[in-house]
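Here's the structure we're looking at; comments come further down.
There are 4 protein chains.
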Amino acid sequence: MKRIAVLTSGGDAPGMNAAIRAVVRKAISEGIEVYGINRGYAGMVEGDIFHLNAKDVSNILNRGGTFLQSARYPEFAQLEGQLAGIEQLKKHGIEGVVVIGGDGSYHGAMRLTEHGFPAIGLPGTIDNDIVGTDYTIGFDTAVATATDAIDKIRDTAFSHGRTFVVEVMGRNAGDIALWSGIAAGADQIIVPEEEFDIKEVVAKVQNGYDNKGKNHHIIVVAEGVMSGEEFAAKMKEAGDTSDLRVTNLGHIVRGGSPTARDRVIASWMGAHAVDLLKAGYGGLAVGIHNEKLVESPILGTAEEGALFSLGEDGKIIVNNPHKARLDFAELNRSLAH
Amino acid sequence: MKRIAVLTSGGDAPGMNAAIRAVVRKAISEGIEVYGINRGYAGMVEGDIFHLNAKDVSNILNRGGTFLQSARYPEFAQLEGQLAGIEQLKKHGIEGVVVIGGDGSYHGAMRLTEHGFPAIGLPGTIDNDIVGTDYTIGFDTAVATATDAIDKIRDTAFSHGRTFVVEVMGRNAGDIALWSGIAAGADQIIVPEEEFDIKEVVAKVQNGYDNKGKNHHIIVVAEGVMSGEEFAAKMKEAGDTSDLRVTNLGHIVRGGSPTARDRVIASWMGAHAVDLLKAGYGGLAVGIHNEKLVESPILGTAEEGALFSLGEDGKIIVNNPHKARLDFAELNRSLAH
Amino acid sequence: MKRIAVLTSGGDAPGMNAAIRAVVRKAISEGIEVYGINRGYAGMVEGDIFHLNAKDVSNILNRGGTFLQSARYPEFAQLEGQLAGIEQLKKHGIEGVVVIGGDGSYHGAMRLTEHGFPAIGLPGTIDNDIVGTDYTIGFDTAVATATDAIDKIRDTAFSHGRTFVVEVMGRNAGDIALWSGIAAGADQIIVPEEEFDIKEVVAKVQNGYDNKGKNHHIIVVAEGVMSGEEFAAKMKEAGDTSDLRVTNLGHIVRGGSPTARDRVIASWMGAHAVDLLKAGYGGLAVGIHNEKLVESPILGTAEEGALFSLGEDGKIIVNNPHKARLDFAELNRSLAH
Amino acid sequence: MKRIAVLTSGGDAPGMNAAIRAVVRKAISEGIEVYGINRGYAGMVEGDIFHLNAKDVSNILNRGGTFLQSARYPEFAQLEGQLAGIEQLKKHGIEGVVVIGGDGSYHGAMRLTEHGFPAIGLPGTIDNDIVGTDYTIGFDTAVATATDAIDKIRDTAFSHGRTFVVEVMGRNAGDIALWSGIAAGADQIIVPEEEFDIKEVVAKVQNGYDNKGKNHHIIVVAEGVMSGEEFAAKMKEAGDTSDLRVTNLGHIVRGGSPTARDRVIASWMGAHAVDLLKAGYGGLAVGIHNEKLVESPILGTAEEGALFSLGEDGKIIVNNPHKARLDFAELNRSLAH
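Chains as they are written, first to last, in the working numbering: chain A, 357 to 693; chain B, 357 to 693; chain C, 357 to 693; chain D, 357 to 693.
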């Protein structure tokens, strides 16, 4: 392996730059050349590929987003797109690829491997909903940013005696809501993985004001449940009489300088991806499980520990889908006064 | 003057606690007792009044919101409300009041003074739209928080090549938008004080992508113009073809630990309010103008420098209404690439 | 178990307040009364003990330090001190104690248990050097603060082309240095767990300037190795010719609002301590291992998984002493350009 | 004026990058080309000069330090150095220079102007000690960073009942100490502009513990007074019996992302420097006074408002030397409990 490439794909996440830097620096320390690919698979197909040296990644460790940029590119699910991408890789003499991103990115990595280009996937997304790892790159930062924002909202909630519905990102997974909700002392946390009864939600709010001496109430709602505005409307329908406001944290949760922890795990996984390529592996996703680096086949049978399998109809089956920490939902209920 | 009270009124703002602490500590150092009034004029009328000593304000300097809580209380515009409040003040032996808040709070302060209770107003609001001062308590923090959020949004805007409309608070005044827009390097800033042509806005976006090599574009819109969602809809109507997203920073701009600067000016103004009461003044608002403390009569004629006058119909006239720094709008146009 | 107490002991750590809050709230939700003990074992012996309700811990989750205060109190190693403490506990009807702190705190917890007072230890220290847990409460925040400070120092190092020695806390353990060094992209990390050759350190600095196009160099040194000043002096003796500066981060690494992660793990462990007391356990320390809660006997044999054993001479033996992640030292060497 | 250059000189300060960006962007918007000079006057003499376009300054607004780097270069005080620099400027077709830095930088700007190269100075230093401006670029950030650090130290001071001496930067000026001390609620602030009596300092500490119910005490000392270690030693000599610790904030106060305010004033002044060069001015320093842009001759007579004059012996006389806000020292004494 003399030359590898690195790309980011899917939604950006803080720590992606730290992972890119680790790939570049580790590869160079192993005598391997590195190329960057701009805008994910789209850039690969268009040949937007350029040489990277150690200094090119000197100031990116602490920066949010991805300096290689990212893009969704559904065309890469088609054979034609894949072959066009491989042609470009060959043209640049590239022998292996590190792909940083979410599920879609992993599928691309698998296709490349099938076509003879070993590719390694790294889990980069704020949602923490990727199989094969306890933590994704960007999750810790998203939790930190959401927590900081809820802390700020509490200042106003307290000062004015208000109820706030705070919507945080998390399409399928309630992890950001659960962690930031506990960290910020939310009174209620609503996640897609758990049923809720809007009447009970409203009753808890009322009970807090009437019987517990509370002067404010904060409800964190994961976007996968519904929007904060919808949730507040349902609360009003269900009889809420409090001074109710909604804030959607939106895209600020996605940006910002990565936390120290995200930088460390991104660096750790990035360096490991190079080790795997150097050792001749491809079609694997790197993860962190029980504080150790682990690798899983991206596609294969559940028995062999693969993250995804193909069903008889050709559809992708997710083996061991990610589960949010519902024990944390329970924990928060015991802590919310 | 042996006993004074302090209250916060209107929307909460970071630095209100620093001002309260300064009032309490300075008064005690002058041998004056201090009482806190909860929830503004509402708490005054209800007699929600309690003694404060130096230690009670020991840990509030760096905390957002107001530990005295705040509330809007339109009833205080009526004579009945005012007399009820004064009765409570008398009951507690209070001889003067410091009122921290916005315009409405000032009107209350003036009424108290007219009824023989000297009251001093301090400008507490994030919007910076209070007459008689260059800076309000909370403005610097709101700008800092908005700037930090726009910095974060830029990470995603760059990573994905997107246009973002970012809505920031500011009902009548574009100051938060102007300062945070310049500080975060916004490409366009839209404020209520200035006309805009949506076609030009869209043309600038397009020109950036087509002719200037820009890969993203950030537009800061003050809420006083319209909501971010409405603005984006108008852009689409006007022909915008970019990947356009909206984020409303909402209430997070209002909370958070005050900046060092807000703590300093709040402390400075708070201590001065006590000096004024001690010297027998009332009906004045404290401000900072040209880096010096200034005082203005809250009600009177424009000639005597009063902030407000009464029209023949009894309506309140704002003398020298606050003006946003439109030179900063011009400055940003010359810096936006 | 109808009434328990909670105290903090040893050096303060961010997240201790979150743990206290969790103990109080969880206990109340289980129908158990909670008392706080000020200033650790010193306060216990002096009877500085007071009732805590759910609201008393309402605003502490996001605050650094410990609102119960802490103190070192070697007298509690003596039987006399222990009995005096127990007398106070009995006087207040307390039946179990949660102790948050470091090694010394654990020994006290064990003594109480031996005297019939079930006590549970929680690992609270920034150093991450407590046996029986992968992470201590406060470590993540200390790493975050150190990383942020090194990021700032890099601005000046780059601007002036300087070499900086940055001393970070960590008496026996290099964990803070290793994590923050990787997170901030340090060029070299020196920890007590690993030998270093000052000539090699200096040679690497020189090589960076001479052959790698580097314009600055950052060396993170754990205080357990030696002070930053001493290290810099040794570098100069060994022939360093660069523009060398020293910064000791000192106590700022110990304070500050806990990170979201520290708040979550502190809450998680705090609630679990109550579960253990309720279930009748004592003499256990709570930890997090492989992302799960674990408990270990504080004193016993290594075979039964106890954290400490007593040697024949009565001295305390640490079973499975904490080991810093030396693979992270290796990782950083491969990433430092 | 068709082509100008920009350089940073002296100690780095947060906001220098924002000023550089403003110079570059504003000049381009006026049809003027811009060159960057690396490492201040040293780089000028060595010809380390390169073209800058609008995109080159796209990501620097929010970054600390100076991407043009800085250096002290006493040789520029000599005619030979000046002529060598001018030769390089001519070689690159440069007709005017913007110099961002402290006093020494201003002297260089004046020399260039005398030799026929109009140069404009911008005040860039964290110390706020430059004549001709109310605020220097970097001061607000330094105050913010110092305040944040003292907030953190207070957590430990409270938790352990300790006295802390915190040394902050400020060689000749106590401004950082005064502002951050007020903002962080320091109990005492010691600055070079004011005498202090170490016995009184110690007596205040003792009185706080003995008579005011304080459990901790924070003293901020500007480095211009003496080092924190020396100050603490003097306190001990003078009889202090408290648990006394020292922290020197050191270089972290100098780095970090500039505050929104520093970015705004740096942008404002940077754009103005271009206006002045375009209008044919040189030998002026830009400042902000009473919230407005002002310009002062760098060298001349005190009567004409020049910042510096030459004495008969050829020595530089500082007209109207900077004065720290000693009213803030007084303010803090009335607020410290």
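The C-beta atom is built at its ideal place from N, Cα and C for all residues, glycine as well.
query                                                                                                                                                                  : result
Between C:GLN544 and chain D, is the shortest Cβ-Cβ distance under 8 Å, so that the two count as touching?                                                             : no
Could you spell out the range, first to last residue, of the beta strand (DSSP E) harbouring A:HIS463?                                                                 : Taken as a continuous stretch (DSSP letters only), A:HIS463 belongs to no beta strand (DSSP E), being part of the alpha helix (DSSP H) at 459 to 470.
Indicate whether C:GLY366 and C:ARG428 have their beta-carbon atoms separated by less than 8 Å.                                                                        : yes
Give a yes or no on whether 8 Å exceeds the smallest Cβ distance from D:ALA627 to chain C.                                                                             : no
Would you identify the three-state DSSP class for B:VAL487, choosing helix, strand or coil?                                                                            : coil
Cα separation between B:ALA475 and D:LEU534?                                                                                                                           : 30 Å
Tell me the DSSP secondary structure of D:ALA500 in three-state form.                                                                                                  : helix
Can you check the stretch 372 to 412 of chain D for any beta strand (DSSP E) of at least 3 residues that lies completely inside it and give the ranges in chain order? : 389 to 393, 405 to 408
Against chain D, which members of the stretch 642 to 676 of chain B pass a CB distance test of less than 8 Å?                                                          : ASN646, GLU647
Could you name the residues of chain B that A:GLY612 contacts, counting a contact when the two beta carbons are closer than 7 Å?                                       : LYS508, ASP511
Does any residue of chain A bring its CB to less than 8 Å from the CB of C:SER515?                                                                                     : no
Give me the residue from B:GLU551, B:THR489, B:GLU586 with the minimum Cα distance to B:HIS645.                                                                        : B:THR489
Could you tell me which of A:HIS407, A:ILE393, A:LEU408 sits nearest to A:VAL401, measuring between CA atoms?                                                          : A:ILE393
Check whether the Cβ atoms of D:THR519 and D:HIS573 sit closer than 8 Å, and answer yes or no.                                                                         : yes
Among D:GLY396, D:GLY460, D:ALA500, D:ALA594, which residue has its Cα nearest to the Cα of D:PHE664?                                                                  : D:GLY460
For the stretch 583 to 590 of chain B against the stretch 536 to 544 of chain B, are there 3 or more C-beta pairs whose distance is under 8 Å?                         : no
Measuring only from the beta carbon, is A:LEU666 closer than 7 Å to any heavy atom that is part of the ligand SAH?                                                     : No copy of the ligand SAH occurs in the structure displayed, which carries no ligand at all.
Going by C-alpha distance, which of A:ALA375, A:ARG619, A:PHE432, A:ASP507 is nearest C:ASN415?                                                                        : A:ASP507
Report yes or no: do three or more beta-carbon pairs, one from the stretch 667 to 684 of chain D and one from the stretch 511 to 525 of chain D, lie closer than 8 Å?  : no
Counting only Cβ-Cβ distances shorter than 9 Å, please list the residues of the stretch 407 to 425 of chain C near chain D, keeping chain order.                       : ARG419, GLY420, GLY421, THR422, PHE423, LEU424, GLN425
Kindly list, in the order they appear in chain D, the residues whose Cβ is closer than 9 Å to that of B:ARG617.                                                        : ASP496, VAL499, ALA500, TRP535, ALA539, THR615, ARG617
Specify, as a first and last residue, the run of the alpha helix (DSSP H) that C:GLU523 falls within.                                                                  : That residue, C:GLU523, is in no alpha helix (DSSP H); its beta strand (DSSP E) goes 519 to 524.
Throw me the rounded Cβ distance for the A:GLY452 and A:PHE473 pair, which I believe falls under 8 Å.                                                                  : 7 Å
Determine the extent of the alpha helix (DSSP H) in which B:GLN425 is found, giving its start and end residues.                                                        : Here B:GLN425 belongs to no alpha helix (DSSP H), and DSSP marks it neither H nor E.
Going by beta carbon distance, what residues of the same chain come within less than 7 Å of C:TYR491, once the five residues before and after it are set aside?        : ASN484, ILE621, ILE644
In angstroms, rounded to a whole number, what distance separates the CA positions of A:GLY387 and B:ALA513?                                                            : 34 Å
Is there a Cβ of chain D sitting closer than 8 Å to that of C:ARG353, yes or no?                                                                                       : Missing from the structure shown is residue 353 of chain C; chain C here goes from 357 to 693 and no further.
What residue range is occupied by the uninterrupted beta strand (DSSP E) comprising A:LYS648?                                                                          : 648 to 653
Can you give the Cα-Cα distance for D:ASP412 and B:GLY569, rounded to whole angstroms?                                                                                 : 12 Å
Tell me, please, whether the CB atom of A:GLY458 is closer than 8 Å to any CB atom in chain B?                                                                         : no
8 Å is my cut-off, CB to CB: does C:ASP368 come that close to chain D?                                                                                                 : yes
In whole angstroms, what separates the C-alpha of B:ILE673 from that of D:ASN675?                                                                                      : 45 Å
Among A:THR597, A:PRO479, A:GLY626, which one has its Cα closest to the Cα of A:GLN562?                                                                                : A:THR597
Can you find a C-beta in chain C that's less than 8 Å from the C-beta of A:SER598?                                                                                     : no
Examine chain C for any beta-carbon lying closer than 8 Å to the beta-carbon of A:ALA559, and answer yes or no.                                                        : no
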